[in-house]
Structure formats: C-alpha cells, structure tokens
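Going by my numbering, the sequence shown opens with residue 6, and the numbers climb by one from there.
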Amino acid sequence: MLKAAAIAGVSLSALVLCFSYSANAQQMTETAAPQRSGGSMQVAASDAIEAEKLRWERDFALWQQVEKDHVVEEYNAYLHMFPTGEFAEIAKERIKQLTAKKFESSTPAAVHTTKKASADDEAMFMTEMEALEIQARLTSIGYDTGSIDGVLGRHTRRAIFTWQRDNQLPMSGFISFEQMESLSSQSEAHYTEWLSEHGHENSRLRLLVEKQNAQRNN
C-alpha cells in the first residue's frame, strides 16, 4: 500500500494519520467481534456508531493537516484517502483555485487581464468596507461571522461556505463579486433592518450606514 500511495502522490503525513486511525479501527473491530457473535443487536448498533465516529475523526484529522499545508499535492492526497469524504468537494474546489492561480501567475500580463479571477483572487482585492458589508449582510440573515471587523477570517470563511452550500453555489469559503451581488439582493431587507438596529454601535458600522444612505441618495 505504501508503494501505491506514493505513486498516487499521497504525502507521508497523510499516510501516518491514516495508518494510525486504521490500526485503531482494526483493533476495535477485533475486540467487538466476539460480542457480535452473540447476536446482540444493541452491541452491533453501538459498534456501527463507534465505527462512524472513528471514520469522522480520521477524516477530520487528515483534513486539518491538509488544509494547514494548503497545496495541491495534499488536497489530492486527501481525495485519494477519502474520495467521498466530508471535505471532498472543498478539496476539489481548492485544487481548482490553486491550479488556476498558478496558471494565471505564469500567463503574460496582457492575457492575464482578460481572464476572470477565481473567487479567492477576487476576495483578496476586496476593500475593508466590502468585507464589512459581507460580514454584516451574512449576520443579518443568520450566519455567524464571529465579528464584524472587516477581516475575512476563519469564522467569516465558514459563514460564507455555509451560505454558499445553502444556495447551491460552489463551496469555497471565498466570495466572488458575482456572489456578492446575489448576497446583496437576498439580504437587502434584513440588512437594512439590521443596520437600523446596530449601525450606531461602532465606527465601522456607522460607515456602512453612511454608505447605504449615499446609495439611496444617488
């Protein structure tokens, strides 16, 4: 298996994690086997729950390592181990983004400017005001961004990802300008009401109120 995994480009860290959890799963199965032979349905159900829990822990542990490294090879390694895992769709999207980014960086400037930026590239060029508005709009329709500070951090990324999933959009955790337009349209009524209640709380939120008032006057 080591040889096959090496050919597939699976990293050593991924192998270590997976073999460790596989050993635990095998030990659990061998321990439970004599009990199952007694025909206890309750024990069988308990074993199934434990097996699913172990599968999730194994999947999540590998994903944490892969996301930390954030390179195409590691995402491919994850998909090799868990082709239908909990984070498989995110891994595929990240591979697309990293591959596109690498391609664009090697493309002449004249050609590069004609290409539509990927969602994460677009997000990088968003202003603090745009980031504030994304956070406020998501918050107004029930998504937890952690705080409204103009920084698209971990909590905001998770909120974006959940919103994308709920709206059948590519789940990347990054929001494109096109998606921002959809979010604005979807949240407008709730956002306006939310700003009227919270817009006075700090200077950042007051900036959003000023922006909305300016748009209304134009």
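Backbone N, C-alpha and C define an ideal beta-carbon position, used for all residues, glycine too.
Three or more pairs of CB atoms, one per stretch, sit closer than 8 angstroms, so the region 172-179 contacts the region 88-101. Per DSSP, reduced to three states, the secondary structure at Gln173 is coil, with no helix or strand assignment.
For Glu78, the enclosing alpha helix (DSSP H) stretches over residues Val77 to Met86.
In this structure, the alpha-carbon of Ala82 lies about 8 angstroms from that of Val71. DSSP, reduced to helix, strand and coil, places Ser152 outside both helices and strands of the structure shown, so it counts as coil.
Burial is judged here by how many other beta carbons sit within 10 angstroms of a residue's own beta carbon; Gly158 has fewer than 16 and is exposed. Residue state for Phe65 is assigned as helix, using DSSP reduced to three classes. Taking a contact to require three or more Cβ pairs closer than 8 angstroms, the region 137-150 and the region 164-175 qualify as touching. In the displayed model, Glu91 falls within coil according to three-state DSSP, outside both helix and strand. Shown here for Ile153: same chain residues with a beta carbon closer than 8 angstroms to its own, the five before and five after excluded, namely Leu137, Gln140, Ala141, Thr144, Arg209 and Leu210 in chain order. Between Thr161 and Gly151, the C-beta gap is smaller than 8 angstroms, which places the two residues in contact. A distance below 6 angstroms between beta-carbons, with the five flanking residues on each side excluded, links Gln169 to the following residues of its chain, in chain order: Met176. Taking the CA atoms as reference points, Ala66 sits about 10 angstroms from Leu59. The three-state secondary structure of His160, taken from DSSP, is helix. Around the beta-carbon of Ser192, 16 or more other beta-carbon atoms lie within 10 Å, marking it buried. Separation of Ser190 and Asp171 (C-alpha to C-alpha, rounded to the nearest whole angstrom) is 15 angstroms.
Here the alpha carbons of Trp68 and Gly204 stand approximately 38 angstroms from one another. For Ile139, the enclosing alpha helix (DSSP H) covers residues Glu133 to Ser145.
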